[in-house]
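Per my numbering, the very first residue in the sequence shown carries number 18; after that it's consecutive. Accompanying notes for the structure given below.
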Amino acid sequence: MRVFQNNAYISIDFLNNKSEVFRLTDINTPDTGMAFPLSETKKIVYEEPKPENAESINPIKNELESFITSIIEDKPVKVSLNAGREAVEVADKILQIVKESRKA
């Protein structure tokens, strides 16, 4: 997933538990990662935030394993069809809002 903000670009790789953040900051702001001067007043700061338990969490793998288990063992799924549909509807609404904001 990629997130764009006025002063930052954030990349999140859920499969590999990796994230990267590129932030545009004032040259005098203390560095929280590698910093690259951009001009006399601005710099780009690069960070790789790591959650404390990143090795033990893999959301995509966990979701697929849960789904497969529900099929093999004939158990109910953790996320219902309605909840899944609602999540897709919310994501679609967000995409529509983003597209509309780009037109403005």
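In this text, a Cβ means the ideal position worked out from N, Cα and C, and glycines have one as well.
*Kindly identify the DSSP beta-bridge partner or partners of Thr42.*
Position 25 of the sequence shown, counted from the first residue, corresponds to residue 42. Answer is Lys60.
*If you draw a straight line from the C-alpha of Ser28 to the C-alpha of Pro66, how long is it?*
Walking along the sequence shown from the start, residue 28 turns up at place 11. Walking along the sequence shown from the start, residue 66 turns up at place 49. Their backbone Cα atoms lie some 11 Å apart in a straight line.
*asked:* Helix, strand or coil for Glu37? Go by DSSP, reduced to three states.
replied: Looking up residue 37 in the sequence shown gives position 20. Note: Glu37 maps to strand in three-state DSSP.
*Compute the Euclidean distance between the alpha carbons of Val20 and Asp91, then round it to the nearest angstrom.*
Along the sequence shown, one-based indexing puts residue 20 at 3. Along the sequence shown, one-based indexing puts residue 91 at 74. If I take the Cα positions, the gap works out to 38 Å.
*asked:* Quick check on Phe84: does DSSP put it in helix, strand or coil?
replied: Reading the sequence shown from its first residue, position 67 is the one you call residue 84. Reduced to three states, the DSSP call for Phe84 is helix.
*First and last residue of the uninterrupted alpha helix (DSSP H) at Asp109*: Within the sequence shown, residue 109 is the residue found at index 92, counting from 1. Taken as a continuous stretch (DSSP letters only), the alpha helix (DSSP H) holding Asp109 covers Leu98 to Lys120.
*Please look up how many angstroms separate the CB atoms of Ala52 and Val62, rounded, as I've assumed it's under 8 Å.*
Stepping through the sequence shown from its first residue, residue 52 is reached at position 35. Stepping through the sequence shown from its first residue, residue 62 is reached at position 45. Sure, about 5 Å apart at Cβ, within 8 Å.
*Which residue's Cα is closest to the Cα of Glu69: Asp48, Lys116, Asp109 and Asn34?*
Here residue 69 corresponds to residue number 52 of the sequence shown, with the count starting at 1. For Glu69, the nearest C-alpha among the options comes from Asn34.
*Ends of the beta strand (DSSP E) at Pro93?*
Stepping through the sequence shown from its first residue, residue 93 is reached at position 76. Counting along the chain, Pro93 falls outside any beta strand (DSSP E), and DSSP gives it neither H nor E.
*Same chain only: Cβ atoms within 7 Å of Glu64, ignoring 5 sequence neighbours per side*: In the sequence shown, the residue the question calls residue 64 occupies position 47. The answer, listed in chain order, is Val38, Thr49 and Gly50.
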